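Shown next, in structure tokens, is the structure this report addresses.
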Amino acid sequence: MSVNRCTYLFSRLQRHISARAARSSAGSCHVSSGSGLLLKQHQAGFVVCSRNVSSKNSSPKPPDTSLFVPIPLKTDSSADGGVGVELTQPLDKIEMLKVLNRFYKKKEMQNLAADHGLDARLYHQAFISFRKYVLEITSLPADLHIILSDICFGAGHIDDIYPYFMRHARQIFPMLDCMDDLIKISDLRVPVNWYPEARAVLRKIVFHAGPTNSGKTYHAIQRYLAAKSAVYCGPLKLLAHEIFEKSNSAGVPCDLVTGEERTIVDSEGQPSSHVACTIEMCSVTTPYEVAVIDEIQMIRDPARGWAWTRALLGLCAEEIHVCGEPAAINFIRELMYTTGEEVEVNTYQRLTPFTVLDKAVETLDKLTPGDCIVCFSKNDIYSLSRQIEARGLECAVIYGSLPPGTKMSQAKKFNDPDDPCKILVATDAIGMGLNLSIRRIIFNSLVKPNINEKGEKQMETISTSQALQIAGRAGRYSSKFKEGEVTTMHGDDLLVLKEILSHTVDPIKTAGLHPTAEQIEMFAYQLPDATLSNLIDIFVSLSQVDGMYFVCNIDDFKFLADMIQHIPLNLRTRYVFCTAPINKKQPFVCTSFLKFARQFSRGEPLTFNWVYRHVNWPLSAPKNIKDLVHLEAVHDVLDLYLWLSYRFMDMFPDTGMIRDIQRELDDIIQEGVHNITRLIKATDPSITGPLQTQGSRQTAGDGQKDSTKSIGHRERLALGGIMNSSLANRLVKDGLLTHELLQQLKKEWSKDLLKDKEGKTRKKK
């Protein structure tokens, strides 16, 4: 059984168990008034029905006290001076230590502390801090000094220490005094109350449901173009650009708003009545006649789902046109029940069919014009593109970290009937946002790295939704290929793909939420000494959501918060910096982010000359893959500058010049991608592609045949699995296996198999 097959079956089993567990724990629906998050929401008194999946959400959950970081107190001074000593006498530290340790061990004190919010962990931490404070402070406060003196000389009871211990505990754990307020602030059970402007409008919700290439978005955009005012909210800059250009070409003036770009088409700078934007940038206070929310199924995305939730609940439009998979219909209906709004559903069928073939491609020699090989790693893209061009074929390359201009250029090259480039190698970045003339989609693999809701990286077989999204790119109504074909590169993946596509898409059950800057500011008011990362942790720990929502993954936010914690910035500025969309895997981007924050904290504007020096402009064409990756990182840094410039215009003043050099850089990157085979050769002449090594699935290489020809069929298959470099490469890339350990495993596995064989031979004799 193949690795893909095993992974797929295991993931299906996990989902089945989770579904049964969810069904067994589901409670009956009930109506909850819920509490708002901000003071103005409490005053407004919104009451909206909310359907809770589980009754356990109705009461606050206990806080995760591991997130409570004690605040150190000074031990070198006391406001009372030496009053305690003057009234009694100096204390013997050895006797004090004995008294304090007896106090700590008393079960009555532990139970009493627990009743006041100190669980075993906090009780221990508070006592260690209290003991250190008492033994090391220059002079104790007079009242505490007198109490300890009385206890040491038998005139007091050890329990008398408790009020002073709790006073100290509340000083180092200030959240104990404001826990009720923190719980109210982090109550996320009724997010519909966060948008009073939207609740004041009786909105009409229209769901356009259908698969890829079914015309669902087309119908929504027709209504968008006909409206007096409208906003389009898409998941990608490319999609926003497409609607921006389509609208203006149709004679409907339209502005563009993305995180890094603001384009006003009016010559006098007046905003247009129509706006195309990335979904995070949509305004929830501007009134529109029509709003279009594209790819609504991304409302369940572990990282970005909050943006779709915010748009759906908060847009002030008379009509909200939602486009996406049919799997979201029931959930959107349920979600709109909480706002009191009905949902009208229009369903569409695919305009052009696609067929899953009965044979895998097996070899790159069988590629034909219009083929697109889909990989889930850049290394596979590099390897395959080199092998394809070694066969005398030109190929275009598209992956997620390429600048939008380069992606468009590669797509145009592939689509051009007069261009000799007829093969495309791409990641699942083609799943949305690009119009491509693809005849056949070929899955090079069915396993991709994913980040789960806990922020953990794991290798998973692609879901039915992902497979359909990618497969649906084969054969488009507007392209020359009216019918599409779908297959895999390797035969044992084809059965898995057919099984994946035979299932219905898992229904959407939850929508993402994210703490806002206002909520975190209210937390910071209560906990002024906590770091931003710690505030976020405590917020998520205390947050309550009903069964329809989850809190989005915040690891990237915390990563940036920890990176700039030592830099003096006010909380709102720090929060904005930490929401910047950067790739934390790029060291140069992270270094630039840190330098931007330092320069900002000094009140020194980040001028063009400063950036010019920082990125060592001008940059030359890449000579190898490492150079190309660095150029992509520089492009991301310029994007970061532009993103920050729209939040802090005075501190990032030279957007025009930055945009100019970014366009030049885009051209340089395009040149590098065009010559990607040469760059790969310059980087590592010994690179071999996964396809070459996949041949060992059926036929081992000559050396392997010699070493294993005496081994039985079952053992040979097992050895082939260990030697399979495609799996090995994945494990090495994911950091789960080193090259040295891989070689050791191969040797040990071969020895074990030979020993087994020798043992069987001796038994026969």
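For the sequence shown, this note's numbering assigns the number 432 to the initial residue and increments by one for each residue that follows.
Beta carbons: idealized from backbone N, C-alpha and C, even for Gly.
None of these values were measured; they are calculated from a predicted model.
Short Cβ contact (8 Å threshold) for Lys659 with Glu720
Within the sequence shown, numbered from 1, the residue matching residue 659 stands at position 228. Within the sequence shown, numbered from 1, the residue matching residue 720 stands at position 289. Yes, Cβ-Cβ distance for Lys659 and Glu720 is below 8 Å.
Consult DSSP for Lys1276 and reduce its assignment to one of helix, strand or coil.
Nothing can be reported for residue 1276, as the shown portion of the chain is limited to 432 through 1196.
In the structure shown, what three-state DSSP assignment does His547 receive?
Along the sequence shown, one-based indexing puts residue 547 at 116. His547 falls in the coil class under three-state DSSP.
Rounding to the nearest angstrom, what Cα-Cα distance links Val696 and Arg634 in this structure?
Taking the first residue of the sequence shown as 1, we reach residue 696 at position 265. Taking the first residue of the sequence shown as 1, we reach residue 634 at position 203. Rounded to the nearest angstrom, the two C-alpha atoms are 29 Å apart.
Close-in-space but distant-in-sequence residues of the same chain around Pro622 (CB under 8 Å, 5 per side omitted)
By one-based count along the sequence shown, residue 622 stands at place 191. Same-chain partners within the cutoff: Thr740, Leu744, Leu944, Tyr980.
C-alpha distance - Trp625 paired with Leu746, whole-angstrom precision
Here the question's residue 625 lines up with position 194 in the sequence shown. Here the question's residue 746 lines up with position 315 in the sequence shown. Taking the straight line joining both Cα atoms gives about 11 Å.
Simplified DSSP assignment, three categories, for Pro668
Counted from its first residue, the sequence shown places residue 668 at position 237. Looking at the sequence provided, one finds Lys at residue 668 rather than Pro. Here Lys668 sits in helix by DSSP.
Considering just the uninterrupted stretch of the beta strand (DSSP E) at Val1065, what are its terminal residues?
Start at 1 with the first residue of the sequence shown, and residue 1065 comes out as number 634. Run containing Val1065: none in the beta strand (DSSP E); it sits in the alpha helix (DSSP H), 1056 to 1076.
List the endpoints of the continuous alpha helix (DSSP H) containing His1105.
Walking along the sequence shown from the start, residue 1105 turns up at place 674. Segment 1086 to 1105, the alpha helix (DSSP H) holding His1105.
If you pair each beta-carbon of the stretch 665 to 682 with each one of the stretch 773 to 782, do three or more pairs fall below 8 Å?
no
Around the Cβ of Met729, are there at least 16 other Cβ atoms within 10 angstroms (buried) or fewer (exposed)?
On the sequence shown, position 298 is the one that residue 729 refers to. Buried.
For the stretch 829 to 844 and the stretch 897 to 914, state whether three or more C-beta atom pairs, one from each stretch, are separated by less than 8 Å.
no
Roughly how far, in whole angstroms, is the beta-carbon of Leu619 from the beta-carbon of Val917, given that I think they are within contact range, below 8 Å?
Numbered from its first residue, the sequence shown carries residue 619 at position 188. Numbered from its first residue, the sequence shown carries residue 917 at position 486. Going by Cβ atoms, the distance from Leu619 to Val917 rounds to 40 Å, so no, they are not a contact pair.
Could you tell me whether any non-hydrogen atom of the ligand FMN is closer than 7 Å to the CB of Asn965?
This structure lacks the ligand FMN, and indeed carries no ligand of any kind.
If contacts are defined as beta-carbon pairs under 8 Å, then Glu726 and Ser896 qualify, I think. What distance do you get, rounded to the angstrom?
Here residue 726 refers to the residue found at position 295 of the sequence shown. Here residue 896 refers to the residue found at position 465 of the sequence shown. That belief does not hold up - the Cβ atoms of Glu726 and Ser896 are roughly 11 Å apart, past 8 Å.
Coarse secondary structure for Tyr719, derived from DSSP in three states
Translated into the one-based positions of the sequence shown, residue 719 becomes position 288. Three-state DSSP puts Tyr719 in a strand.
Inter-residue spacing [alpha-carbon to alpha-carbon] between Ser580 and Gln950
As a working mapping, residue 580 is identified with position 149 in the sequence shown. As a working mapping, residue 950 is identified with position 519 in the sequence shown. Looking at the two C-alpha atoms, the distance is approximately 46 Å.
How about the stretch 816 to 824 and the stretch 1091 to 1108: do they share at least three Cβ pairs that are nearer than 8 Å?
yes
Assign Arg630 to buried or exposed, taking buried as 16 or more other Cβ atoms, counted over all protein chains shown, within 10 Å of its Cβ.
As a working note, residue 630 is residue 199 in the sequence shown. Label assigned to Arg630: buried.
Enumerate, from N- to C-terminal direction, the unbroken alpha helix (DSSP H) stretches of 4 or more residues contained entirely within the stretch 930 to 991.
948 to 957, 963 to 973
Determine the DSSP secondary structure at Gly755, reduced to helix, strand or coil.
Locating residue 755 in the sequence shown gives position 324, where the first residue counts as 1. Three-state DSSP puts Gly755 in a strand.
In whole angstroms, what separates the C-alpha of Cys826 from that of Phe1031?
The residue given as residue 826 occupies position 395 in the sequence shown. The residue given as residue 1031 occupies position 600 in the sequence shown. Answer to the nearest angstrom: the Cα atoms are 44 Å apart.
Where does Thr569 land, buried or exposed, given buried means 16+ other C-beta within 10 angstroms?
Here residue 569 refers to the residue found at position 138 when the sequence shown is read from its first residue. Under this definition Thr569 is an exposed residue.
In angstroms, rounded to a whole number, what distance separates the CA positions of Glu628 and Thr717?
For the purposes of this step, residue 628 is taken as the residue at position 197 of the sequence shown. For the purposes of this step, residue 717 is taken as the residue at position 286 of the sequence shown. Approximately 9 Å between the Cα atoms of the pair.
Rounded to whole angstroms, how far is the Cβ of Cys1213 from the Cβ of Asp546, which I believe are closer than 8 Å?
Residue numbering for the chain in the displayed model covers 432 to 1196; residue 1213 lies beyond these limits and cannot be assessed.
Three-state secondary structure (DSSP) of Cys852
Counting from 1 along the sequence shown, the entry for residue 852 is found at position 421. Coil at Cys852, not helix or strand.
Where the beta strand (DSSP E) through Arg620 begins and ends
In the sequence shown, residue 620 corresponds to position 189, counting from 1. Run containing Arg620: none; DSSP gives neither H nor E here.
Kindly list the residues whose CB is nearer than 8 Å to the CB of Arg436, restricted to its own chain and excluding five residues on each side of it in sequence; keep chain order.
Your numbering for residue 436 matches position 5 in the sequence shown. Residue placement at Arg436 cannot be trusted, given a pLDDT of 49 that sits under 50; the coordinates are not used to answer.
Beta-carbon proximity check, Ala1052 vs Gly1103, cutoff 8 Å
The count along the sequence shown starts at 1 and reaches residue 1052 at position 621. The count along the sequence shown starts at 1 and reaches residue 1103 at position 672. Yes; because the gap between Cβ atoms is below 8 Å, this pair is in contact.
Three-state secondary structure (DSSP) of Lys879:
For this step, residue 879 is matched to residue 448 along the sequence shown. Reduced to three states, the DSSP call for Lys879 is strand.
With a Cβ-Cβ cutoff of 8 Å, do Ile873 and Asp802 count as a contact?
To locate residue 873, count along the sequence shown from 1; it is residue 442. To locate residue 802, count along the sequence shown from 1; it is residue 371. Contact: yes.
Report yes or no: do the stretch 676 to 689 and the stretch 848 to 861 share at least 3 C-beta pairs separated by less than 8 Å?
no
Would you mind working out which of Tyr956, Met1080, Glu1035, Val1020 sits nearest Cys609, comparing C-alpha positions?
On the sequence shown, residue 609 is found 178 positions in, with the first residue counted as 1. Comparing Cα-Cα distances from Cys609 to each of Tyr956, Met1080, Glu1035, Val1020, the minimum goes to Tyr956.
Cβ neighbour criterion (16 or more within 10 Å) applied to Leu504
Along the sequence shown, one-based indexing puts residue 504 at 73. Exposed.
So for His599, helix, strand or coil by DSSP?
The sequence position of residue 599 within the sequence shown is 168, counting from 1. Three-state result, His599: helix.
Can you tell me which of Val1068, Tyr663, Ala1064 puts its alpha carbon nearest to the alpha carbon of Phe1083?
If you number the sequence shown from 1, residue 1083 lands on position 652. Taking only the C-alpha atoms, the option nearest Phe1083 is Val1068.
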